[in-house]
Each structure stands twice: as C-alpha cells, then as structure tokens.
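For reference, the structure is listed below as structure tokens.
Protein chains: 2
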Amino acid sequence: EAKNKNDIFLFLLLKTKSGKYDPTQLIHSIKVGIALVFVSLLYLVDPLYDQVGENAMWAIMTVVVVFEFFAGATLSKGLNRGMGTVVGGLLGCLAATLAQEVGGIGRAVAAGTSVFIFGAAASYCRLVPSIKRKYDYGFLIFILTFNLVAVSGLRGEQVIVLARERLATIVMGFVISILTSLLIFPMWASDELHRATVNKFDHIASSIEGCLEEYFYKIDDKKESAKIIKWDGYKSVLQSKSKDETLANFARWEPWHGKFGFYHPWEKYLNIGDLLRELAISISSLKDCLQSSQQPVKPINLNFKEPCEAVAPFLACTLRELGDSIMNMQKSRPEALIVAKLQSIRLDFSEAVSDSATIMDGDGLAIASFVFLFM
Amino acid sequence: EAKNKNDIFLFLLLKTKSGKYDPTQLIHSIKVGIALVFVSLLYLVDPLYDQVGENAMWAIMTVVVVFEFFAGATLSKGLNRGMGTVVGGLLGCLAATLAQEVGGIGRAVAAGTSVFIFGAAASYCRLVPSIKRKYDYGFLIFILTFNLVAVSGLRGEQVIVLARERLATIVMGFVISILTSLLIFPMWASDELHRATVNKFDHIASSIEGCLEEYFYKIDDKKESAKIIKWDGYKSVLQSKSKDETLANFARWEPWHGKFGFYHPWEKYLNIGDLLRELAISISSLKDCLQSSQQPVKPINLNFKEPCEAVAPFLACTLRELGDSIMNMQKSRPEALIVAKLQSIRLDFSEAVSDSATIMDGDGLAIASFVFLFM
Chain A
1 EAKNKNDIFL FLLLKTKSGK YDPTQLIHSI KVGIALVFVS LLYLVDPLYD QVGENAMWAI
61 MTVVVVFEFF AGATLSKGLN RGMGTVVGGL LGCLAATLAQ EVGGIGRAVA AGTSVFIFGA
121 AASYCRLVPS IKRKYDYGFL IFILTFNLVA VSGLRGEQVI VLARERLATI VMGFVISILT
181 SLLIFPMWAS DELHRATVNK FDHIASSIEG CLEEYFYKID DKKESAKIIK WDGYKSVLQS
241 KSKDETLANF ARWEPWHGKF GFYHPWEKYL NIGDLLRELA ISISSLKDCL QSSQQPVKPI
301 NLNFKEPCEA VAPFLACTLR ELGDSIMNMQ KSRPEALIVA KLQSIRLDFS EAVSDSATIM
361 DGDGLAIASF VFLFM
Chain B
1 EAKNKNDIFL FLLLKTKSGK YDPTQLIHSI KVGIALVFVS LLYLVDPLYD QVGENAMWAI
61 MTVVVVFEFF AGATLSKGLN RGMGTVVGGL LGCLAATLAQ EVGGIGRAVA AGTSVFIFGA
121 AASYCRLVPS IKRKYDYGFL IFILTFNLVA VSGLRGEQVI VLARERLATI VMGFVISILT
181 SLLIFPMWAS DELHRATVNK FDHIASSIEG CLEEYFYKID DKKESAKIIK WDGYKSVLQS
241 KSKDETLANF ARWEPWHGKF GFYHPWEKYL NIGDLLRELA ISISSLKDCL QSSQQPVKPI
301 NLNFKEPCEA VAPFLACTLR ELGDSIMNMQ KSRPEALIVA KLQSIRLDFS EAVSDSATIM
361 DGDGLAIASF VFLFM
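Keeping their order, the protein sequence lines are chains A and B. Residue numbers for the first sequence, in the working numbering: 1 to 375. Residue numbers for the second sequence, in the working numbering: 1 to 375.
So this is what it looks like as structure tokens:
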C-alpha cells in the first residue's frame with residue numbers, strides 16, 4: 001500500500017511539468033509550516049525558552065526570512081545572513097567601544113557618524129551589480145546589525161553578550177531551515193535549471209517542425225494535412241534569460257547531490273541558453289515571414305519545399321538528441337560527425353534553393369551549426 | 001558660489017545617462033545614511049528613548065529593510081510591511097486568545113497548529129505569481145508577525161500593548177524612510193520607465209540606420225564610407241522585459257508628481273515595450289542575414305539599395321518622432337497620416353524589390369506599421 005501511495009505521489013510530481021497545478025508548491029508550503037512549528041518550540045517548550053528567552057524571536061525571524069523555494073536559495077540567504085550578522089556585529093562592537101571612549105555628548109555624535117558612513121558605504125555596495133546578484137541580502141543584514149549594535153552599545157547594555165546570544169538563535173533558525181529544506185523533498189535549483197535547458201531544446205525542435213509544417217500547409221491549402229504542431233515553445237525560450245540566471249545563481253550554492261558535483265559547470269548552461277535564445281529569435285522571424293502578407297508566389301516556394309522538408313526533421317532530431325544527451329549527461333555523437341552532416345545538408349540546401357529567397361531557413365542553419373560548434 | 005556647486009551637481013546628474021559612473025547611486029547611498037541617522041536618534045536622544053525603549057529596534061529594522069532605490073519601491077515595501085504587520089498582529093492576537101482558552105498542554109498544541117496552518121497557507125499564497133509580484137513582502141511580514149504574536153502571547157506577556165508599541169515604531173521607521181525618499185532628490189521609477197521607453201525608440205531607430213549602413217558599406221567595400229553607426233542598441237531592448245515590468249510595478253505605487261497623474265496608463269508602456277521588442281527581434285535577424293556567409297550576389301543587392309536607402313531614414317525618423325512625442329507627452333501626427341505614408345512607401349518598396357529576396361526589410365516594415373496601428 002505504501003508503494004501505491006508513493007506511485008500516486010510520483011504521478012502528482014510528474015503532472016507538474018504539464019499541468020498548471022503544481023504539487024511542489026504545496027510541498028514547499030508544508031515544509032515552511034513544519035519549519036515554523038519547529039522554531040516555535042523555542043517559545044512553546046519551557047526548558048528551551050528558559051535557555052534562549054526573548055531571543056527566540058530572532059530564530060523565528062530567520063526561518064521566516066531565509067526559507068525559500070529552492071534549497072540553493074535558502075542556503076545562500078542563510079549564509080548571507082550569518083556573514084552579515086557576524087561582520088556587522090563585530091564592526092558594530094568596535095564602533096560602540098570607540099564611541100564610549102569619546103565620552104560625553106561626543107558619544108552620540110560618534111555613533112551617528114559611524115552609522116552614516118557604514119550605512120551609506122554598504123548601500124552603495126548593494127547597488128554594484130555583481131554584489132547585488134550574490135550578496136545583496138548579506139549587506140542588508142550587515143547594515144541592520146551594525147546599526148543595532150553600534151547604537152544600543154551606547155545604552156550601556158552588555159552588547160557582546162547580547163550579540164552572541166542573538167547570533168546563536170540566528171544559527172538555530174538557520175539550521176532548522178536548512179534541515180527542513182534539504183531533508184524533506186528538497187527542491188534543487190540545479191535540477192530545475194537542468195530540466196529547463198533540456199526543455200528548451202525540445203521547444204525549439206517542435207517550433208522548427210511546426211513552423212515548416214504550417215508554411216507548407218498554407219501553400220498546399222489542403223485541409224487534410226494532419227494536425228498542426230503547436231509551435232509557441234520558442235516564446236518561452238525567448239524570455240528565459242533572467243530566470244536562468246537566477247537558477248544558476250542558486251545552483252552554485254547547492255551541495256553535491258544526485259548527478260551534480262560541486263564544480264558543475266553552471267556557466268555552460270547559461271551559454272547554451274544564450275545560443276538557444278538566438279535560435280528562438282530566428283524562429284520568431286521565420287514566423288513573421290510566415291504571417292507576412294508579402295509571401296512570394298507559389299512556384300518559388302514549392303521549389304524549395306523538398307529540401308526544407310529534408311532539413312527540418314534532421315535539425316529537430318539533432319536538437320532533441322543534444323537535449324537528451326544533456327538530460328542523461330552522456331556524450332552525444334562526436335561533434336565533427338554532426339557538423340559534417342549539417343554542412344553537407346546545408347550545401348545541398350543552398351544548391352537547391354540557389355538564387356531564390358535564401359533567407360527562409362538559411363539563418364536557422366547558420367545558427368544551428370553555430371550552436372553545435374560550441375558544444 | 002552656491003550656484004556654481006549646483007551646476008556641477010547638475011552636470012554630474014546629466015552625465016548619468018551616458019557614462020558608467022552613476023551619481024544617483026551615490027545620492028541613494030547618502031539618503032540611506034541620512035535615514036539611518038534619523039532613526040538612530042530614537043536610541044541616541046534620551047527623551048526619545050524613554051518613550052520607545054527597546055522597540056526602537058523595530059524602527060531601525062524598518063528603515064533598513066524598506067528603503068529602496070526607487071520611491072515607488074520604498075512606498076510599496078513600506079505599505080506591504082504595514083499591512084502585513086496589522087493583519088498578522090490581529091490574527092495572531094486572536095489565535096493567542098483562543099489558545100489561552102484551551103488551557104493546559106493544549107495551549108501549546110493549539111498555538112503550534114495555528115502557526116502551521118497560517119504559515120503554510122501564506123507561503124502557498126506567496127507562490128501565486130500575481131500575489132508574488134505585488135504583495136510578496138506583505139505576506140512575508142504577515143507570517144513573521146502572526147508567528148511572533150501567536151507564540152509569545154502564550155508567555156502571558158501583554159501582547160496587545162507590545163504589538164501596538166511595535167506597530168508605532170514601525171510606522172515611525174516608515175515615515176522616516178518615506179520622507180527621506182520623497183523629499184531628498186526623489187528617484188521615481190515612473191521617470192525611469194518613461195525615459196527607458198523613449199530610449200528604446202531611439203535604440204531601434206539607430207539600429208535600423210546602422211544596420212543598413214553596414215550592409216551597403218559591405219557591398220560598396222570602400223573604406224571612406226563615413227563612420228559606422230553603433231547599432232547594438234537593439235540588444236538592450238531585447239532583454240528589457242523584466243526590468244520594464246518591475247519599474248511599472250513600482251510606478252503604480254508612486255503618488256502624483258511632475259507630469260504623471262495618479263492613473264497614468266503604465267500598462268501602455270508595457271505594451272509599447274512588447275512591440276518594440278518584436279521590432280528588436282526583426283533587427284536581430286537582419287543582423288544575422290548580414291553576418292551570414294550566404295549573401296546573395298552583388299547585382300541583386302544593388303537592385304534594392306535605393307529603395308532601402310529611402311525607407312530606412314523614414315522609418316528611423318518616424319520612430320524618433322514617436323519617441324519624442326512620448327517624451328514630451330504631446331500628440332504625434334495623426335495616426336492615419338503616418339500609416340498612409342508608411343503604406344505608400346511600403347508599396348514602392350515591394351514593387352522595387354519585387355521577386356528578389358523580399359525579406360530584407362519587409363518584416364521591419366510589417367511590424368513597424370503594426371506598432372503605429374497600435375498607438
């Protein structure tokens with residue numbers, strides 16, 4: 001029976017990729033709920049509360065803020081928070097001690113000045129794109145901690161003890177988040193990026209097929225010409241850049257798991273994505289040609305119907321093959337073989353089309369071979 | 001002398017748009033510093049500290065977290081934080097009171113259950129795209145506040161008093177952020193979106209010019225053929241979608257200022273952006289044609305050199321005109337006039353090119369007229 005349940009669960013998981021309803025979102029919500037309950041135990045269980053006291057608040061705050069959908073995002077936010085707290089706390093203590101030495105009204109002035117300088121400098125850093133991408137949250141927490149420690153230090157409280165206790169509860173919150181995130185159905189950004197890249201190959205392949213089919217269907221003008229393949233896939237590829245970058249960013253933080261090692265080349269996924277987006281652009285203009293009212297007259301089109309029909313399936317098939325080889329992380333056929341085949345087909349193609357409109361599929365080919373050369 | 005300083009400052013501001021160094025970033029950092037110093041006064045000035053006490057911490061936290069680069073972003077985050085705190089606090093009080101009624105060990109169980117249910121539900125909501133876009137931060141704060149209030153209520157503290165005091169300090173932090181953000185050199189997301197849209201028209205126009213120039217320059221093969229216009233502009237247009245959406249999102253929160261009313265049609269900026277991105281795609285494939293090795297032979301090209309040279313400046317000029325009319329928020333020439341002119345040029349053009357490669361500029365035209373029809 002347990003196996004049966006498991007099957008249903010797997011089925012739900014698989015449904016994700018096609019349907020709109022996404023059970024991973026439900027799983028994520030439940031995970032957040034579990035993490036919150038765990039961290040609330042610091043308040044709810046008396047022996048624990050006696051240990052941490054009001055500082056339990058910081059653990060709850062950490063869980064709420066740090067827990068993200070992907071494991072990599074949670075790790076990155078948690079580590080950023082930790083680093084920001086430590087660095088901000090240390091510098092804050094230093095500033096508070098220095099301000100104490102000044103004494104008198106100067107203390108407040110010194111504290112205010114240090115708050116201004118460090119706050120402005122860290123805010124400026126946050127705007128630098130390379131820092132913003134990876135360490136934005138760390139700098140935010142740095143500003144917060146520095147400010148809190150530097151000014152409350154003047155109130156004569158035992159800043160260092162306070163800072164240490166808070167750090168301890170933040171670490172507790174972080175550990176709870178990480179364990180819940182990694183141990184209960186972890187969602188890996190790396191898996192998502194891997195799958196999205198493979199899907200892109202598939203989208204482009206179906207778009208090429210669908211595009212040609214519609215083109216010649218239009219010319220043949222016979223209604224029976226089979227089903228038209230959906231070929232909107234290229235549109236999702238076009239707009240995937242920022243999503244890919246975010247995923248790659250998270251994936252870098254994720255520990256070894258499944259088939260991904262520590263130094264998995266995430267950069268290459270981005271490169272492949274860029275090339276596939278260029279292909280998607282070509283397809284988009286193919287579509288424009290198709291919908292344009294300035295179609296060349298029939299006889300010319302039929303001239304190169306045959307070579308096109310030979311090329312398109314080969315292109316689509318090669319793309320799918322490449323996608324599969326990435327999916328399974330196996331070497332595809334040797335590059336030279338594919339490129340040679342492509343070039344011979346291209347030669348046939350340009351001979352066949354010769355001096356009529358060469359643009360129809362020429363670009364596609366030019367860029368496709370470009371993609372293959374890159375891999 | 002003061003005027004002189006002002007001039008230098010203005011000069012720095014104007015430099016922004018071209019150079020890499022961006023003084024608005026410096027201004028933003030200084031503003032953050034100022035807001036932090038103001039909010040630190042709650043700690044540093046004794047009479048103020050006597051009023052708020054340790055809760056001053058929440059004011060500092062609010063300023064650090066809420067202060068964003070654009071005024072609209074600050075407003076949206078601040079209001080989200082306020083709403084999240086109020087709703088989370090009220091529901092949290094309710095949950096704590098109900099748990100109190102249960103009594104005994106059941107209290108902790110009741111509190112834990114409510115934390116789980118509300119935490120999971122709110123996390124699920126955060127994943128819904130339309131909520132994520134606008135209210136993500138509000139839901140985050142809701143979870144945080146609800147959790148803190150619901151569990152600390154069990155500790156027999158005066159939750160309602162505590163919640164009211166915290167809310168008051170959060171409001172203080174919010175007011176300081178908003179005043180600093182709006183009164184000292186405000187950065188409006190609406191201005192940025194407006195300018196970015198106008199720049200897109202300009203980028204596309206120069207790309208069309210540059211593209212044609214390079215094309216015929218290649219054919220003429222004479223070195224003297226003037227300077228080549230930079231035409232990489234279309235690339236920035238291609239990748240602008242997510243940035244535009246973010247800006248429009250912030251712009252909606254911004255109050256009336258300058259030439260923008262309360263119900264400025266930000267949606268239309270997004271529509272125009274989409275159309276310009278389609279144009280950028282066409283230009284991108286023009287470039288592919290250009291760099292492809294499969295150039296048609298010279299005589300064919302020269303055939304339609306003249307019509308191209310007539311069309312390109314008109315297209316570029318029309319685009320710039322439209323950009324300017326958006327910039328100055330004036331009505332452009334009546335649509336019918338532009339479209340009629342475009343169509344007559346297009347007719348001439350297709351006659352001139354007739355049955356040779358029609359794709360060269362056809363798409364551009366087709367889409368350009370599409371753009372104009374939309375406006």
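Even for Gly, the Cβ is constructed at its ideal location relative to N, Cα and C. Since we're looking at a predicted model, the values are computed, not measured.
Of all the CB atoms in chain B, is at least one closer than 9 Å to the CB of asparagine 147 of chain A? Asparagine 147 of chain A belongs to the set of residues whose beta carbon lies under 9 Å from a beta carbon in chain B.
Is it the case that the Cβ atoms of histidine 194 of chain A and valine 237 of chain A are separated by a distance below 9 Å? Going by C-beta atoms, histidine 194 of chain A is not nearer than 9 Å to valine 237 of chain A.
Could you tell me whether any Cβ in chain B is nearer than 9 Å to the Cβ of histidine 203 of chain A? The Cβ of histidine 203 of chain A sits no closer than 9 Å to any Cβ of chain B.
Sequence-distant residues of its chain with Cβ nearer than 8 Å to leucine 41 of chain A (five each side left out): Leu48
Measure from the C-beta of serine 40 of chain B to each C-beta in chain A and report whether the shortest distance is under 9 Å. yes
Check each candidate in A:Asn271, A:Ser190, A:Ala280 and A:Gly323 and name the one with the smallest Cα separation from phenylalanine 262 of chain A. A:Ser190
Boundaries (first-last residue) of the alpha helix (DSSP H) holding tryptophan 58 of chain B: 56–66
For a test of your reading of the model: does the CB of valine 109 of chain B fall under 8 Å from any non-hydrogen atom of the ligand MG? Yes or no. Absence of the ligand MG is noted for the structure shown, with no ligands found whatsoever.
Excluding the five sequence neighbours on either side, which residues of its own chain have a C-beta within less than 7 Å of the C-beta of alanine 312 of chain A, listed in chain order? Ile208, Glu209 and Leu212
Can you list, in chain order, the residues of the segment 52–63 of chain A whose Cβ is nearer than 9 Å to any Cβ on chain B? Glu54, Ala56, Met57, Ile60, Met61 and Val63
Which first and last residues belong to the alpha helix (DSSP H) in which valine 39 of chain B is found? DSSP places valine 39 of chain B inside the alpha helix (DSSP H), whose first and last residues are 23–44.
Length of the line joining the Cα atoms of serine 181 of chain A and isoleucine 272 of chain A: 29 Å
By DSSP, does phenylalanine 260 of chain B sit in helix, in strand, or in coil? In the structure shown, the three-state DSSP call for phenylalanine 260 of chain B is strand.
Cβ contact check for the segment 168–178 of chain B and the segment 278–286 of chain B: 3 or more pairs under 8 Å: No: fewer than three Cβ pairs fall under 8 Å.
Unbroken stretches of the beta strand (DSSP E), 3 residues or longer, contained in the segment 79–137 of chain A: none
Using the beta-carbon count (16 or more within 10 Å), is methionine 329 of chain B buried or exposed? exposed
Secondary structure of glutamate 278 of chain B, DSSP reduced to three states: helix
Give the straight-line distance between the Cα atoms of glutamate 32 of chain A and leucine 279 of chain B, rounded to the nearest whole angstrom. It should be noted that the sequence gives valine, not glutamate, for residue 32 of chain A. The alpha-carbon atoms of valine 32 of chain A and leucine 279 of chain B are separated by roughly 44 Å.
Compare the C-beta of glutamine 343 of chain B with all C-beta atoms of chain A and state if any pair is closer than 9 Å. no
Whether valine 52 of chain A touches alanine 168 of chain A by CB criterion (9 Å): yes
Given lysine 77 of chain B, which residues of its chain have a CB within under 8 Å of its CB, disregarding the five upstream and five downstream residues? Val65, Val66, Glu68 and Tyr137
Any beta carbon from chain B within less than 9 Å of histidine 28 of chain A's own beta carbon? yes
Do leucine 98 of chain B and serine 123 of chain B have their C-beta atoms within less than 9 Å of each other? no
Find out if the Cβ-Cβ distance for the pair isoleucine 131 of chain B, phenylalanine 118 of chain B is shorter than 9 Å. no
Helix, strand or coil, according to DSSP, for tryptophan 266 of chain A in the structure here? Assigned with DSSP and collapsed to three states, tryptophan 266 of chain A falls in helix.
Reduced DSSP category for aspartate 176 of chain A - H, G, I as helix; E, B as strand; rest coil: First, the residue type needs correcting, since residue 176 of chain A is isoleucine and not aspartate in the sequence shown. Note: isoleucine 176 of chain A maps to helix in three-state DSSP.
Could you check the C-alpha separation between tyrosine 135 of chain A and glycine 88 of chain A for me, to the nearest Å? 14 Å
Give me the residue from A:Asn199, A:Ile141 and A:Phe185 with the minimum Cα distance to leucine 276 of chain A. A:Asn199
Residues in the segment 115–144 of chain B with C-beta within 8 Å of chain A's C-beta atoms, listed in sequence order? Within the segment 115–144 of chain B, the qualifying residues are Val115, Phe116, Ile117, Gly119, Ala120, Ala121, Ser123, Tyr124, Leu127, Leu140, Ile143 and Leu144.
I'd like to check one pair, isoleucine 60 of chain A with valine 45 of chain A: are the Cβ atoms closer than 9 Å? no
Sequence-distant residues of the same chain with beta carbon closer than 7 Å to isoleucine 178 of chain B, five excluded per side: Thr74, Leu75 and Gly78
Going along the chain, which residues of the segment 258–287 of chain A sit with their C-beta nearer than 7 Å to a C-beta in chain B? Ile281, Ser282, Ser284 and Ser285
Going along the chain, which residues of the segment 234–254 of chain A sit with their C-beta nearer than 7 Å to a C-beta in chain B? So the close ones are Gln239, Lys241 and Ser242.
How is phenylalanine 139 of chain B classed by DSSP in three states: helix, strand or coil? helix
Assigned secondary structure, valine 297 of chain A (DSSP; H/G/I helix, E/B strand, else coil): Confidence is the limiting factor: at valine 297 of chain A the pLDDT is only 45, short of 50, which leaves the residue's position unreliable and the question unanswerable from this model.
For phenylalanine 146 of chain B, three-class secondary structure by DSSP: helix
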